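Okay, here's the thing in structure tokens:
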């Protein structure tokens with residue numbers, strides 16, 4: 048690969064990996080520069096909501112970059128010597144093994160139709176430019192393809208506009224894509240991740256986000272069970288080998304979601320049990336990092352006001368108990384909030400969970416918090432404590448992608464005083480319960 052291409056790809060990857068916000072979890076980048084993989088989680092309020100679209104096919108290369116992306120599916124980006132003068136080749140992997148076309152512009156065979164990639168005809172203003180980056184490509188996939196009404200991406204609709212408006216057909220297409228997003232992009236992806244023993248950075252991100260969005264998935268599936276047994280409507284632009292055929296089975300999806308959650312929580316329990324043996328072995332970089340941080344906290348040289356933390360027992364440094372004291376002048380003032388942090392010995396994020404009742408837009412009903420930590424954080428625990436305290440100190444995040452308790456979000460962000468007062472009452476109940484424990 049040319050020096051110019053190598054330098055530019057490195058720059059683009061650094062740009063993507065430097066983004067550390069709630070919509071873009073950090074993921075390390077590998078050493079090879081001819082191939083990249085990305086993950087996009089479906090945007091909220093679309094048929095793809097919180098589905099994991101994966102753009103990347105292992106048969107294309109034995110080496111890959113793993114890079115994050117806001118509102119994350121996983122994608123293969125293959126670079127040539129002419130990059131950035133020519134766009135990379137982008138393929139979608141999440142197709143149920145080539146059986147499902149999830150969008151008029153996302154083919155079952157993996158093709159991604161987008162004018163900036165040269166895979167679709169567009170205006171001259173839509174053509175590839177050397178100033179475009181990996182981040183720009185992923186943003187384009189998210190905003191131009193993963194839309195509220197994917198039927199509108201069909202070329203015939205774009206050409207004829209309102210002349211071919213077919214409300215019932217547009218809704219029927221959105222309905223089946225919503226079903227297939229749950230079946231393929233959530234259940235299928237998670238089952239594949241859980242079926243392999245290989246450590247996967249994307250796999251850990253996906254599992255953690257599944258726990259965050261689980262109740263949203265379940266609510267969506269349970270609301271649609273009346274459709275079960277109905278066959279999907281086929282569209283004029285779909286074909287037997289490049290379409291989305293089948294029938295609704297939300298009851299089956301509900302069962303699969305429950306089984307997936309059970310397996311992930313069993314895995315967390317296994318981490319706790321493994322922690323005893325790993326601590327006894329006294330080896331590994333994670334062990335020494337955890338021991339060092341615990342020592343610094345005991346000495347008082349690494350502390351955070353309003354928090355405390357330490358291993359749950361001397362014989363397991365991989366299981367930590369933390370306490371967040373309700374910040375002064377906040378709705379949470381006066382409460383004492385217990386948190387469990389479970390590590391394993393791999394280079395992946397821990398499982399973090401509040402052990403007390405919480406009512407917050409950015410914390411699930413069963414205690415999983417939605418937060419971000421800096422990409423290059425070296426300490427295992429302190430960045431988590433900082434993030435959790437901020438959750439209770441700052442206003443809840445206004446991005447609907449972070450609303451893992453939608454009911455709490457609807458109350459808090461409501462313009463009417465009644466729902467906002469309901470939110471405050473629910474929080475006050477949580478505060479009182481912590482003082483009674």
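Numbering (this note's numbering), first residue to last: 48 to 484.
Where a beta carbon is used, it is the ideal one built from N, C-alpha and C, also for glycine.
In this text, all values refer to a predicted model and were calculated from it rather than measured experimentally.
Can you tell me where the beta strand (DSSP E) holding residue i begins and where it ends?
i           : result
residue 354 : 354–360
residue 501 : No answer is possible for residue 501: the residues shown for the chain start at 48 and end at 484.
residue 400 : 398–401
State buried or exposed for residue i, treating a residue as buried only when at least 16 other CB atoms are found within 10 Å of its CB.
i           : result
residue 335 : exposed
residue 394 : exposed
residue 254 : buried
residue 470 : buried
residue 482 : exposed
residue 101 : buried
residue 354 : buried
residue 264 : buried
residue 228 : buried
residue 421 : exposed
residue 117 : Because the pLDDT at residue 117 is just 37, under 50, the model does not fix this residue reliably, and the value given afterwards should be weighed accordingly. Counting Cβ neighbours within 10 Å, residue 117 comes out buried, since at least 16 surround it.
residue 299 : exposed
residue 95  : buried
residue 472 : exposed
residue 407 : buried
residue 189 : buried
residue 342 : exposed
residue 347 : exposed
What's the gap between the Cα of residue i and the Cα of residue j?
i           : j           : result
residue 466 : residue 459 : 7 Å
residue 325 : residue 338 : 12 Å
residue 199 : residue 152 : 10 Å
residue 166 : residue 429 : 46 Å
residue 197 : residue 214 : 13 Å
residue 477 : residue 386 : 14 Å
residue 61  : residue 456 : 34 Å
residue 297 : residue 130 : 44 Å
residue 382 : residue 328 : 38 Å
residue 390 : residue 274 : 41 Å
residue 258 : residue 295 : 24 Å
residue 377 : residue 397 : 27 Å
residue 162 : residue 392 : 44 Å
residue 319 : residue 54  : 43 Å
residue 492 : residue 283 : With the chain covering only 48 through 484, there is no way to say anything about residue 492.
residue 144 : residue 447 : 31 Å
residue 202 : residue 194 : 15 Å
residue 366 : residue 168 : 54 Å
residue 242 : residue 140 : 17 Å
residue 52  : residue 84  : 17 Å
residue 425 : residue 333 : 10 Å
Does DSSP put residue i in a helix, a strand or coil?
i           : result
residue 365 : strand
residue 138 : strand
residue 77  : Note on residue 77: pLDDT 39, under 50, position unreliable in the model; the coordinate value appears next. Three-state DSSP puts residue 77 in coil, outside helix and strand.
residue 407 : strand
residue 420 : coil
residue 387 : strand
residue 455 : helix
residue 101 : strand
residue 335 : helix
residue 283 : coil
residue 159 : strand
residue 196 : coil
residue 425 : coil
residue 51  : helix
residue 292 : coil
residue 449 : helix
residue 348 : coil
residue 125 : strand
residue 278 : strand
residue 168 : coil
residue 84  : strand
residue 372 : strand
residue 255 : helix
residue 60  : helix
Give the range of the alpha helix (DSSP H) segment to which residue i is assigned.
i           : result
residue 240 : 236–242
residue 303 : 297–328
residue 216 : 214–227
residue 230 : Taken as a continuous stretch (DSSP letters only), residue 230 belongs to no alpha helix (DSSP H), as it is neither H nor E.
residue 182 : 181–187
residue 90  : Segment: none, residue 90 is in no alpha helix (DSSP H) and carries neither H nor E.
residue 430 : 429–440
I'd like to know whether the C-beta of residue i is nearer than 7 Å to at least one C-beta of chain B.
i           : result
residue 361 : Going by chain labels, chain B is absent from the structure shown, which holds only one protein chain.
Measuring CB atoms only, is the stretch 408–423 touching the stretch 440–451, in the sense that at least three cross pairs come out at less than 8 Å? yes
Three or more beta-carbon pairs under 8 Å between the stretch 287–296 and the stretch 139–152, yes or no? yes
Should the stretch 216–228 be called in touch with the stretch 360–378, which here means at least 3 C-beta pairs below 8 Å? no
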